[in-house]
Amino acid sequence: MIDRFHIQKYANDSMDNVRKRLREDVKETPGESVMCDKDLLRKHWDKLSPKEQENLQSWFRHMPELKMAYDLKEAYFEIWGALSSAIARRRYQKWLEQLPMEYREKDFRPLVSAMKNWGEFIFNYFDHRYTNAFTEQANRQIRDILRASRTCGFETYRAKIIYGTMLRKQMEKRRVAWKEDKGPRPLTGRKRRSDARPKKAKKIRLLPTPPPLQISLLDNLAAQSVI
Numbered sequence: 163m164i165d166r167f168h169i170q171k172y173a174n175d176s177m178d179n180v181r182k183r184l185r186e187d188v189k190e191t192p193g194e195s196v197m198c199d200k201d202l203l204r205k206h207w208d209k210l211s212p213k214e215q216e217n218l219q220s221w222f223r224h225m226p227e228l229k230m231a232y233d234l235k236e237a238y239f240e241i242w243g244a245l246s247s248a249i250a251r252r253r254y255q256k257w258l259e260q261l262p263m264e265y266r267e268k269d270f271r272p273l274v275s276a277m278k279n280w281g282e283f284i285f286n287y288f289d290h291r292y293t294n295a296f297t298e299q300a301n302r303q304i305r306d307i308l309r310a311s312r313t314c315g316f317e318t319y320r321a322k323i324i325y326g327t328m329l330r331k332q333m334e335k336r337r338v339a340w341k342e343d344k345g346p347r348p349l350t351g352r353k354r355r356s357d358a359r360p361k362k363a364k365k366i367r368l369l370p371t372p373p374p375l376q377i378s379l380l381d382n383l384a385a386q387s388v389i
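Letter by letter, the sequence shown follows residues 163 to 389 of our numbering.
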C-alpha cells in the first residue's frame, strides 16, 4: 500500500506546473503581483476565508485556465473521501475523462503516471486505512534532534530521542498552568543566566592615599582654619 500523502502531493505539484507556465506569459509590472500565491492555491476551497476566496476569484476571472487547474485539483482530492476502493476507482475514472489531453500529457503527467503505475497499491488505501504519517513525523523529529546534537555522545542523543518529547509536553503544561494561576515558574530547559552564575560582590572604590608631603600641607590648612 502506498501512502496517500505522497500521491496527493502530485496533485498540488501538477496544479503548480500550470501556475508556473501561466506566469511565464505574463509581463511583469513594477509594484504589482503577476501571479497568485501558490500557498493560497494549495488550500481547499472550504478552508479558505471569505477574503481569500474573493482574492482567488479575482485571479480566476483574469486567468480561466488557472481556475480549471484548481478545480481539477479539488476534484481529485474528493476521490479520497470514497468509502471503498471500487467507488474510488469509479471516481478516478470519471476525473480522468474530464482531464484535458494537454494537461494529461504535460502538467498533470506525473500524477497520471503514478496512478497508472501504482494504482493497485494506491487504491488499497480505501480498503485498509493505514498511513505512514506517524513514521514520517518521527523520522523528521529524529533528524531535527540530530542536527541540534552534533557534539553530543550517543547516550545523550538517544536520551533526547526517547525522553525529549515527554519533557517538552511537561514544559508546555507547566507554562499553561503558570499563565492561568501564576503557579510555579515554568520549566525552561536551562537555568536563567542570573541563576546559573553566582552574583559577584560589588567592588568598593577606595580613594588613593595622598603622599606624606600633601598630608602635612592639609594638616597646616586645617590648623589655620581652626585659628
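Glycine included, C-beta positions come from ideal geometry on N, C-alpha and C.
With fewer than 16 other beta carbons inside 10 angstroms of its own, V338 counts as exposed. For Y325, the closest of N217, F167 and Q303 by C-alpha to C-alpha distance is Q303. Between M263 and L245, the alpha-carbon positions lie close to 29 Å from each other.
Note that the C-beta distance between I164 and F283 is below 8 Å. DSSP places P262 in the coil class of the three-state scheme, outside both helix and strand. Per DSSP, reduced to three states, the secondary structure at A310 is coil, with no helix or strand assignment. Put simply, the backbone Cα of K213 is about 30 Å away from that of R166. Leaving aside the five residues that flank P272 on each side, the residues in its chain whose CB is nearer than 6 Å to its CB run, in chain order, Y172.
In the three-state scheme derived from DSSP, where H, G and I count as helix and E and B as strand, K205 is classed as coil.
Counting only the Cα atoms, K322 lies some 11 Å from R330. S220 carries a helical assignment under DSSP once its states are collapsed to helix, strand and coil.
According to the DSSP assignment, H168 belongs to the alpha helix (DSSP H) that extends over R166 to E186. Of the other Cβ atoms in all chains shown, 16 or more fall within 10 Å of the Cβ of F288; this residue is therefore buried. By the Cβ neighbour-count rule, S176 is buried, with 16 or more other Cβ atoms within 10 Å of its own. The count of Cβ pairs closer than 8 Å, one atom from the region 248-266 and one from the region 209-228, stays below three, leaving the stretches out of contact. The residue from R305, A248, D343 and S220 with its alpha-carbon nearest to that of G281 is A248. Taking the Cα of L234 as reference, the smallest distance to any Cα among Y265, Y319 and F316 is reached at Y265. Taking a C-beta distance under 8 Å as the contact criterion, L228 and L184 qualify as a contact pair. A residue is called buried when at least 16 other Cβ atoms come within 10 angstroms of its Cβ; M328 does not meet this threshold and is exposed. Taking the C-beta atoms as reference points, K205 is found no nearer than 8 Å to R181.
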